[in-house]
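Numbering (the UniProt record's numbering), first residue to last: 1 to 184.
Structure representation (C-alpha cells):
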C-alpha cells in the first residue's frame with residue numbers, strides 16, 4: 001500500500017464531508033484511520049458506505065460492488081487463496097462449529113475483506129443455529145419448536161456445503177437468515 005492509496009481515500013472522505021455525508025467527528029475519525037492504515041484491507045471499510053470508492057488502490061472495488069453483488073449472490077474480487085480460505089470457514093462448521101469462522105474472523109481483520117465477510121456470515125449462521133436449537137430444545141413440549149429444530153438440523157447439514165462451494169466460486173454468499181448477530 002502506498003501513500004497515494006491513503007491520499008485517494010482521504011480525498012473521498014473530504015468530498016463526503018463537504019457533501020454532508022459525514023459529520024465532523026466521523027470525518028476526523030475515518031481520516032485518522034486512513035492515515036494510520038498499513039494494508040489495503042483497512043482502507044476499504046472507510047469508504048464502503050459512501051457510494052464512492054477510490055480507484056486503483058489495492059483491495060478496492062467499484063462503488064457499490066459489495067452491496068449489489070452480495071444481494072444478488074454475484075462474484076467478488078477475490079483471489080484463489082481467499083476463496084479456499086472462505087470455503088474452509090464454511091466447511092469447518094461441520095468439524096468445529098463456531099470455532100473455525102471465529103478464528104477466521106479474528107485473523108482476517110487485516111488480511112482480506114472477502115474472507116472477513118464470509119467468516120462473519122458463517123459465524124452468524126452458526127450462532128443462529130445454536131440459539132434456535134437451544135430455544136427449541138427448551139420449548140420441546142410444543143409442536144412448532146420441534147418443527148423449527150428439524151428445519152435448523154436440515155439447514156445446518158446442507159447450507160455450509162452450499163456456502164463452501166459458492167465461496168470456491170468467488171461468490172458473496174449470504175445464508176438465508178432472518179437475523180444476523182454480527183454486523184460489519
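We put the CB at the ideal spot given by N, CA and C, even for glycine.
Keep in mind it's a predicted model, so treat the numbers as computed, not measured.
By the criterion of a C-beta distance shorter than 8 Å, residue 146 is surrounded in its chain by 136 and 140, once the five residues flanking it on both sides are discounted. Taking 8 Å as the cut-off, the beta carbon of residue 121 is found no closer than this to the beta carbon of residue 179. Pairing residue 87 with residue 167 gives a Cβ-Cβ distance under 8 Å. Just measuring C-alpha positions, the residue of 133, 126, 85 and 142 sitting nearest residue 99 is 126. For residue 126, the uninterrupted alpha helix (DSSP H) segment begins and ends at 113-138.
The beta carbon of residue 181 sits closer than 6 Å to the beta carbons of 124 and 127 from its chain, once the five residues preceding and following it are set aside; these are given in chain order.
When secondary structure is reduced to three states using DSSP, residue 171 falls in the strand class.
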